[in-house]
Amino acid sequence: MARLLGTLRSSQPVARFQRSCGLFPAAEEGGGSSDPAEGTRGRGACNGAGALRCPAAAGRGPPGAVRSGRGPQDCTQKYIVKNYFYYYLFKFSAALGEEVFYITFLPFTYWNIDHSVSRRMIIVWSIVMYIGQVSKDILKWPRPLSPPVVKLEMRTNAEYGMPSTHAMAATAISFSFFIATMNRYKYPFELGLVAAFVFSSLVCLSRLYTGMHTVLDVIGGALISAVLLILLYPAWDMIDHLLLTSPFCPLLSIVVPLVLCYNYPKLDYYSPTRGDTTTILGATAGATLGFWLNNQYLVPAHTSNSVQLGFPLIPSTMVVVLARFFTGILILLLTRWLMKSMVLGVLGYRYEFPIHDLEARRRLEVEVPYKFITYSSVGFTATVIVPLLHELLGLK
Numbered sequence: 001m002a003r004l005l006g007t008l009r010s011s012q013p014v015a016r017f018q019r020s021c022g023l024f025p026a027a028e029e030g031g032g033s034s035d036p037a038e039g040t041r042g043r044g045a046c047n048g049a050g051a052l053r054c055p056a057a058a059g060r061g062p063p064g065a066v067r068s069g070r071g072p073q074d075c076t077q078k079y080i081v082k083n084y085f086y087y088y089l090f091k092f093s094a095a096l097g098e099e100v101f102y103i104t105f106l107p108f109t110y111w112n113i114d115h116s117v118s119r120r121m122i123i124v125w126s127i128v129m130y131i132g133q134v135s136k137d138i139l140k141w142p143r144p145l146s147p148p149v150v151k152l153e154m155r156t157n158a159e160y161g162m163p164s165t166h167a168m169a170a171t172a173i174s175f176s177f178f179i180a181t182m183n184r185y186k187y188p189f190e191l192g193l194v195a196a197f198v199f200s201s202l203v204c205l206s207r208l209y210t211g212m213h214t215v216l217d218v219i220g221g222a223l224i225s226a227v228l229l230i231l232l233y234p235a236w237d238m239i240d241h242l243l244l245t246s247p248f249c250p251l252l253s254i255v256v257p258l259v260l261c262y263n264y265p266k267l268d269y270y271s272p273t274r275g276d277t278t279t280i281l282g283a284t285a286g287a288t289l290g291f292w293l294n295n296q297y298l299v300p301a302h303t304s305n306s307v308q309l310g311f312p313l314i315p316s317t318m319v320v321v322l323a324r325f326f327t328g329i330l331i332l333l334l335t336r337w338l339m340k341s342m343v344l345g346v347l348g349y350r351y352e353f354p355i356h357d358l359e360a361r362r363r364l365e366v367e368v369p370y371k372f373i374t375y376s377s378v379g380f381t382a383t384v385i386v387p388l389l390h391e392l393l394g395l396k
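Right, dumping it as structure tokens:
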């Protein structure tokens, strides 16, 4: 068993998967070592948290053309793509675990499908992601070595590897959506199960293809998420009821996430995990505050045990669905830009730094309040302001 775990944790299975999908490192042009044991030295070495970080280059060439990316400290990585189908499939799949997906799919579910389903997904997502992010910085397992692995991303390479939070989020979102809808809407059980499995599998495989995680990181992330789903499922209805009715919900929705953010595990160097965690908890805090406010003063939530035929968005014309979505996303982006500018301006004045000073924005006393306030405003806007605007515009 120890030998199997050691193999799953090594970089070689990741490199083999990349080669089988048509992704190869370009031949060294001198100055670097091709020995995987010496991957932390020479050109193309981009290894894990705190080390050099090498992004993939943008732009497409013919199959087999050499691509390159340049990161900080003159770190250059070149690679060859021989199968563009897998390249774009897994690049797209990797984006399904990024902020761009969270800020679109979760609000879309709330605006166009089902408030109850959306509430459950957001709560599960926030709990799973917090545990995953903290686990990374406690375990401190490195990411795959390059070489032999080709790394296609830069930002996440500054984080530790175990567990894969992309795998955790994909498993949590896809299966919580499936579980929350299977008893509320009439559709083939097998279809929902396969869709959830395919979605999570694509995201998990994308983390191997991009060279960001070992096989053990991905399996560990998916298993941790599955266990958390099993543990949380019996308490779903109780948690949802408390979020909607408890008089302490507004206070706890803000205080608990803030305490968790300010007491995030400290590292010897800067990692984006604390900022990402603050973003997630902030968005969840704003959303849960909105859930409570909607139930108390605007539109009380109700629970129905009847099974509905199809999803709620089906009776609506696609024009209305798209209008809700694009109007809402525009408002969310404006909210994020406005709040980020205002909060950074106030903090910059308070701590005497220019708002474009990246190092200053990474300090605890700046990063946590600016991200928490910004994204809690986004979450609140998504659950309260945007639905009111939809009603005002006749898009209900």
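Residue numbering for the sequence shown follows the working numbering, starting at 1 and increasing by one per position.
Quick reminder that beta carbons are idealized off the backbone N, C-alpha and C, glycines included.
All figures in this text were calculated on a predicted structure; none of them were measured in a lab.
Ranges of the alpha helix (DSSP H) found wholly within the segment 209–266, counting only runs of at least 4: You should have 215–232, 236–245 and 249–262.
CA-to-CA distance, residue 122 to residue 235, given in whole angstroms: As a first step, residue 235 is located in the sequence shown; it is residue number 235 there, counting from the start. As a first step, residue 122 is located in the sequence shown; it is residue number 122 there, counting from the start. The alpha-carbon atoms of residue 235 and residue 122 are separated by roughly 14 angstroms.
Cβ-Cβ distance between residue 271 and residue 159 below 8 angstroms: Here residue 271 refers to the residue found at position 271 of the sequence shown. Here residue 159 refers to the residue found at position 159 of the sequence shown. Going by C-beta atoms, residue 271 is nearer than 8 angstroms to residue 159.
Of the residues 327, 204, 98 and 169, the one placed nearest residue 390, counting alpha carbons only: Translated into the one-based positions of the sequence shown, residue 390 becomes position 390. Nearest neighbour of residue 390 by Cα position, chosen from 327, 204, 98 and 169, turns out to be 327.
Range covered by the alpha helix (DSSP H) that runs through residue 369: The residue labelled residue 369 in the question sits at position 369 within the sequence shown. Following the DSSP letters along the chain, one finds residue 369 inside the alpha helix (DSSP H) bounded by residues 364–380.
Own chain, CB closer than 7 angstroms to residue 226, minus 5 neighbours either side, in chain order: Working through the sequence shown from its first residue, we reach residue 226 at position 226. Only 171 meet the Cβ criterion.
Neighbourhood of residue 381 by C-beta distance below 7 angstroms, restricted to the same chain and skipping five residues each side: As a working note, residue 381 is residue 381 in the sequence shown. Cβ neighbours of residue 381 beyond the five flanking positions: 331, 332 and 335.
Between the CA atoms of residue 96 and residue 131 - distance to the nearest angstrom: The residue you call residue 131 lines up with position 131 of the sequence shown. The residue you call residue 96 lines up with position 96 of the sequence shown. When rounded, the distance between both Cα atoms is 19 angstroms.
Where residue 387 falls, given that 16 or more other Cβ within 10 Å makes a residue buried: In the sequence shown, residue 387 corresponds to position 387, counting from 1. By the neighbour-count rule (16 or more Cβ atoms within 10 Å), residue 387 is buried.
Validate contact between the segment 141–151 and the segment 1–21 using beta carbons, cut 8 angstroms, 3 pairs: Counting Cβ pairs under 8 angstroms, three or more are found: they touch.
Bounding residues of the alpha helix (DSSP H) (the contiguous stretch that carries residue 407): Residue 407 lies beyond the range of the chain shown here (1 to 396); nothing can be said about it.
Between the CA atoms of residue 275 and residue 183 - distance to the nearest angstrom: Here residue 183 refers to the residue found at position 183 of the sequence shown. Here residue 275 refers to the residue found at position 275 of the sequence shown. Rounded to whole angstroms, residue 183 and residue 275 show a C-alpha spacing of 36 angstroms.
Through-space distance from residue 228 to residue 367, alpha-carbon basis: Here residue 367 refers to the residue found at position 367 when the sequence shown is read from its first residue. Here residue 228 refers to the residue found at position 228 when the sequence shown is read from its first residue. If you take the alpha carbons of residue 367 and residue 228, they lie about 28 angstroms apart.
Option in 16, 322 and 260 with minimal Cα separation from residue 113: Taking the first residue of the sequence shown as position 1, residue 113 is located at position 113. Proximity to residue 113 across 16, 322 and 260 peaks at 322, based on C-alpha coordinates.
Exposure of residue 15, with buried meaning 16 or more beta-carbon neighbours within 10 Å: To locate residue 15, count along the sequence shown from 1; it is residue 15. Classification of residue 15: buried, given that the 10 Å Cβ count is 16 or more.
Closest Cα partner of residue 21 within the set 264, 84 and 361: Here residue 21 is taken as the residue at index 21 of the sequence shown, counted from 1. It is 84 whose Cα lies nearest to the Cα of residue 21.
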